[in-house]
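Colleague:
Numbering (the UniProt record's numbering), first residue to last: 1 to 417.
Quick look at the structure:
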């Protein structure tokens with residue numbers, strides 16, 4: 001409320017609802033999910049299919065595909081925003097925070113049934129197809145992998161971080177689950193003006209972790225964890241071997257403290273959204289939000305194209321300049337979509353991105369196993385040989401599996417956005 005108690009609730013943009021029967025669903029946010037999962041798919045397709053064919057496409061498109069790991073960062077920003085938003089809205093409205101038990105129960109109902117079905121099929125069906133037998137499940141490393149995956153703790157142990165080479169994309173879901181556990185503690189720290197302290201603190205924690213933690217922890221891990229528990233499954237060949245130092249660095253850098261800034265920016269955006277939506281803070285011109293989001297992403301793009309994957313993972317210059325530009329752009333993009341600003345809404349509430357975004361969770365779970373089955377010739381080996389055809393085949397199959405998974409396990413539980 002304003003000083004006189006009469007501040008109206010601002011409408012950022014007037015537009016027709018795309019789905020009159022689900023009027024509280026934001027299709028632009030679905031579209032952003034669609035973009036993020038397609039980028040992650042492009043990353044794994046480039047690694048698993050383009051790298052094993054002679055007619056691989058080249059140029060800036062492939063360069064951006066190689067950086068598809070950053071699609072995960074967009075997911076993290078989106079998660080921070082959506083999950084912290086009820087806390088921020090409660091703060092602005094002066095109402096109690098959401099029930100912590102209720103929050104955990106809703107998150108579990110949302111992700112666990114789909115995830116456990118995926119694990120059952122991954123270990124029960126995909127494993128023997130790719131590995132030839134269930135033998136590895138009878139070993140110590142196999143059982144450790146199975147139980148840690150069931151509990152969503154697999155990215156806390158290096159020996160299970162590569163998911164037996166079956167679905168290495170699952171690392172980020174483990175990070176998401178850790179964030180869910182901490183959110184009821186973190187969200188109040190980002191409410192009101194406390195965000196001015198919490199956001200820089202999260203940035204400092206992430207930078208310090210990524211800069212110093214891998215070197216401090218790597219030697220300890222190699223000295224104190226049994227080599228029998230440090231098997232690593234190569235992301236391309238799927239062959240098991242000793243844990244390579246560069247992947248150990250990736251494993252250590254990508255722990256939750258290193259990824260905290262993406263979640264934190266999402267929570268900060270939720271704070272601003274709650275203030276704008278309530279009328280407590282004056283809304284800027286919608287076009288200004290659109291242009292700011294696109295400007296940051298455009299500024300980050302040349303850096304994305306020219307850096308190697310290794311520099312994206314470990315480069316100091318990228319951490320200090322490119323990554324902040326990219327993450328701020330992602331944050332403004334999510335905020336603009338939530339406020340339904342004209343340009344972002346028009347781009348992302350599209351008939352192509354929205355359906356993909358709606359099934360993005362199931363597509364995230366299934367895209368890499370499908371890519372591996374296509375890459376190894378276990379699925380439709382004689383349909384096509386070229387990289388573009390195999391990528392299209394894998395994407396089509398992954399979308400079919402994702403749609404089936406969504407209908408079976410998600411549709412009734414999917415929260416509205």
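Just so you know, even glycine gets a beta-carbon here, dropped at the ideal spot from N, CA and C. Quick caveat: nothing in here was measured; it's all calculated off a predicted structure.
Would you call residue 358 buried or exposed, if buried means 16 or more other Cβ atoms sit within 10 Å of its Cβ?
Modeller: The residue in question, residue 358, is buried, as its Cβ has 16 or more Cβ neighbours within 10 Å.
Colleague: With a 10 Å radius around its C-beta and 16 neighbouring C-beta atoms as the bar for buried, classify residue 14 as buried or exposed.
Modeller: Annotation note: pLDDT 39 at residue 14 (below 50); position unreliable, coordinate value reported separately. It counts as exposed.
Colleague: Check whether the region 383-394 and the region 138-146 touch, using three or more Cβ-Cβ pairs below 8 Å as the test.
Modeller: No: fewer than three Cβ pairs fall under 8 Å.
Colleague: For the alpha helix (DSSP H) holding residue 242, just list the boundary residues, first then last.
Modeller: Unbroken run through residue 242 is the beta strand (DSSP E), 240-242; no alpha helix (DSSP H).
Colleague: Rounded to whole angstroms, what's the CA-CA distance from residue 341 to residue 286? Just pull it up for me.
Modeller: Cα to Cα, residue 341 sits roughly 5 Å from residue 286.
Colleague: When we look at the beta-carbon of residue 405 and count the other beta-carbons within 10 Å, is it buried (16 or more) or exposed?
Modeller: Classification for residue 405: buried.
Colleague: Sort 208, 173, 204, 209 by Cα distance to residue 110 and report the nearest one.
Modeller: Of 208, 173, 204, 209, the residue nearest in Cα terms is 173.
Colleague: DSSP three-state call for residue 81: helix, strand or coil?
Modeller: Helix, per DSSP.
Colleague: Count the other CB atoms, across all protein chains shown, that sit within 10 Å of the CB of residue 116; report buried if there are 16 or more and exposed otherwise.
Modeller: By the 10 Å Cβ count, residue 116 comes out exposed.
Colleague: Just the C-alpha distance for residue 203 and residue 216, rounded to the nearest angstrom, thanks.
Modeller: Spanning the two alpha carbons is a distance of roughly 19 Å.
Colleague: Considering only residues of the region 202-258, which uninterrupted alpha helix (DSSP H) runs meet the minimum length of 4 residues and lie entirely inside it, listed in chain order?
Modeller: List check, alpha helix (DSSP H) in window: 245-253.
Colleague: Is it true that the CB of residue 206 sits closer than 8 Å to the CB of residue 261?
Modeller: Going by C-beta atoms, residue 261 is nearer than 8 Å to residue 206.
Colleague: Is the distance from the Cβ of residue 218 to the Cβ of residue 254 below 8 Å?
Modeller: No, the pair does not count as a contact, with Cβ atoms beyond the cut-off.
Colleague: Looking only at its chain, what residues have a beta carbon closer than 6 Å to the beta carbon of residue 107, apart from the 5 residues adjacent to it on each side?
Modeller: For residue 107, where only same-chain residues beyond five positions count, the Cβ hits under 6 Å are 180.
Colleague: From which residue to which residue does the alpha helix (DSSP H) around residue 113 run?
Modeller: Taken as a continuous stretch (DSSP letters only), the alpha helix (DSSP H) holding residue 113 covers 100-121.
Colleague: If contact is defined by three or more beta carbon pairs under 8 Å, each pair taking one atom from either stretch, is the region 332-351 in contact with the region 86-103?
Modeller: In short, these stretches do not touch, since the Cβ pair count stays below three.
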